[in-house]
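Reading through the structure tokens given below for one structure.
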Amino acid sequence: MSLRVNIQERKRGHYVVALEGRLDANTSPLCEDRLTPFLTPATDVMMFDMTDLTYISSAGLRVIFKVRKAIERHSGKMILTNLRPQVQKVFEIINALPKENIFSSIQEVDDYLDMMQKKVLREQKGEV
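The sequence shown begins at 1 in the UniProt record's numbering and counts up by one.
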């Protein structure tokens, strides 16, 4: 089975990466090639929508961790959402990502990001 990688910019510097299929040794080079142009300081948020990701191997995990490292190097945030149970179990087993970076839906991510931005604005106004 193959992998489809669909990248959409939701707003400046915020990208949703929809993965469909298997992220394994055969497909991870394609995924990495598609994502590399977005691993710049201009990327603030990279959200992986894994609704249609059916399998992830260690090679796929390597791509995800490489993205996380590149995004966080520039104070950006990587977020995972809509993980299927078998994919979520892989992340739980290796205990590699903080729970606050995994969300059940894109709406939940949007609500979280909205809350965090409002919190920063309140702090700037001294309303803490």
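Glycine residues also receive a C-beta, built at the ideal position from the N, C-alpha and C atoms.
Every beta strand (DSSP E) stretch that sits fully inside the UniProt domain "STAS" (13-113) and reaches 3 residues is listed by chain position as 14-23, 45-56, 77-81. Residue pairing by DSSP places V5 opposite L19 in a beta bridge. Cβ contact annotation for T27 (same chain, cutoff 6 Å, sequence separation greater than five): L3, in chain order. Linking N82 to R12 through their CA atoms gives a straight-line distance of about 23 Å.
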